[in-house]
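Colleague: Under the numbering used here, the first residue of the sequence shown is numbered 3, with each subsequent residue one higher.
Backbone N, C-alpha and C define an ideal beta-carbon position, used for all residues, glycine too.
The model shown is predicted, which means the values in this text are computed figures rather than measured ones.
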Amino acid sequence: MSEPILQARGLVKDYWMGAARLRVLHGVGLDVGRGEFLCILGPSGSGKSTLLHLMGLLDRPTEGQVLFEGEDAFARPKRWRDRLRNEAIGFVFQFYHLMPDLSVLENTLLPAMIRTPLVRWPLVRGRERRRAEEVLGDLGLRDRKGHLPTELSGGERQRAAIARALVHRPRVLFADEPTGNLDTATGGEIMRVLARLNRKGLTVVMVTHDERLARQAHRLLHLVDGRLLQRP
Ligand SMILES: Nc1ncnc2c1ncn2[C@@H]1O[C@H](COP(=O)(O)OP(=O)(O)OP(=O)(O)O)[C@@H](O)[C@H]1O
Ligand SMILES: [Mg+2]
Numbered sequence: 003m004s005e006p007i008l009q010a011r012g013l014v015k016d017y018w019m020g021a022a023r024l025r026v027l028h029g030v031g032l033d034v035g036r037g038e039f040l041c042i043l044g045p046s047g048s049g050k051s052t053l054l055h056l057m058g059l060l061d062r063p064t065e066g067q068v069l070f071e072g073e074d075a076f077a078r079p080k081r082w083r084d085r086l087r088n089e090a091i092g093f094v095f096q097f098y099h100l101m102p103d104l105s106v107l108e109n110t111l112l113p114a115m116i117r118t119p120l121v122r123w124p125l126v127r128g129r130e131r132r133r134a135e136e137v138l139g140d141l142g143l144r145d146r147k148g149h150l151p152t153e154l155s156g157g158e159r160q161r162a163a164i165a166r167a168l169v170h171r172p173r174v175l176f177a178d179e180p181t182g183n184l185d186t187a188t189g190g191e192i193m194r195v196l197a198r199l200n201r202k203g204l205t206v207v208m209v210t211h212d213e214r215l216a217r218q219a220h221r222l223l224h225l226v227d228g229r230l231l232q233r234p
């Protein structure tokens, strides 16, 4: 494997339901190589989303570490993780999470608007807009940028969500069941988009319960009941 961009070490995640502890991850360890396309396959409830959220620094582990480019992310202040997430990490979800009242272009610009202090926005708006249009064009959405999400097909919505996740040039893209809401042909199209982005150098970590899609990745790991299966 190439030098790891991301390492999970003994990740444990507990949820508390009143006094009852629910252990969802039981010490998960894995390395993600820079430039790799890794798929984690597992049934519903196996802990895939939980694991992805920990590795993407959206949630804290109960025990264990996430090393991002060698830095122990949860040993650093929240501010540091927020900045890292804003500049290095992109997320794509099953249900797109697009803002319904904003156009495709506005949705794509939203992360930059949130990141930029209001007084600076007029100074960077043109550049951010050109960047958003470039990414939308690259994903085949040039003619859709003025549309609302409801005016798009499922595949177009997911491509818009991928565009939004890519505008800030992340080094790792996390995808949580990105094809879960799509028919087989459209799911295949989204996989080809991810594979093409990966060939251009993006590290992709995807979780799914669809074995056929998962086999298209460079490497496949199986998560069952919060544990990675050890393969020979
Ligand atoms: N916030 C929470 N509080 C309590 N339990 C939770 C919470 N989030 C997840 N769980 C539980 O943790 C387990 C793993 O959930 P997770 O969402 O990671 O599974 P998953 O593999 O992504 O499933 P799916 O394929 O259905 O998306 C499930 O049993 C779930 O009910
Ligand atoms: Mg999930």
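Got a sec: does ligand 1 put a non-hydrogen atom nearer than 7 Å to the Cβ of Leu-24?
Modeller: yes
Colleague: From the DSSP output, in three-state form, read off Gln-67 for me.
Modeller: strand
Colleague: Tell me the start and end of each unbroken alpha helix (DSSP H) in the segment 90-145 that is at least 4 residues and wholly inside, in chain order.
Modeller: 106-117 and 123-140
Colleague: Taking 7 Å as the cut-off, is the C-beta of Gly-47 nearer than that to any heavy atom in ligand 1?
Modeller: yes
Colleague: May I ask you to list the residues that DSSP assigns as paired with Trp-82?
Modeller: Partner(s): none; Trp-82 has no beta bridge.
Colleague: Taking 6 Å as the limit between beta carbons, can you name the residues of its chain near Gly-148, skipping five residues before and five after?
Modeller: Excluding positions up to five away in sequence, the list reads Ser-105.
Colleague: In the DSSP assignment, find the unbroken beta strand (DSSP E) run with Thr-210 in it and report its ends.
Modeller: 205-210
Colleague: Starting from the Cα of Leu-175, find the closest Cα among Leu-24, Gly-92 and Leu-141 and give me that residue.
Modeller: Gly-92
Colleague: Among residues of its own chain, excluding the 5 on either side of Val-226, which ones have a beta-carbon nearer than 8 Å to its beta-carbon?
Modeller: Gly-44, Pro-45 and Ser-48
Colleague: As a quick exercise: from Arg-25, Phe-39 and Met-19, pick the residue whose alpha carbon is nearest that of Arg-201.
Modeller: For the set Arg-25, Phe-39 and Met-19, the Cα lying nearest the Cα of Arg-201 is the one of Phe-39.
Colleague: What ranges does the beta strand (DSSP E) occupy inside the segment 156-193, keeping only unbroken runs of at least 3 residues that lie completely in it?
Modeller: 174-178
Colleague: Ligand 2 and Asp-178: does the residue's C-beta get closer than 7 Å to at least one heavy atom of that ligand?
Modeller: yes
Colleague: Quick one: what does DSSP say Ala-21 is sitting in, helix, strand or coil?
Modeller: coil
Colleague: With 16 other CB atoms within 10 Å as the buried threshold, where does Thr-152 fall?
Modeller: exposed
Colleague: Straight-line CA distance for Arg-117 to Pro-172?
Modeller: 14 Å
Colleague: Could you tell me if the beta carbon of Lys-235 falls within a distance shorter than 7 Å of some heavy atom in ligand 2?
Modeller: Lying outside 3 to 234, the shown extent of the chain, residue 235 is not represented and no answer is given.
Colleague: Going by alpha carbons, who is nearest to Glu-136 out of Arg-166, Ala-75 and Phe-70?
Modeller: Arg-166
Colleague: Start and end of the beta strand (DSSP E) containing His-224?
Modeller: Judged by DSSP secondary structure, His-224 falls within the beta strand (DSSP E) whose first and last residues are 221-226.
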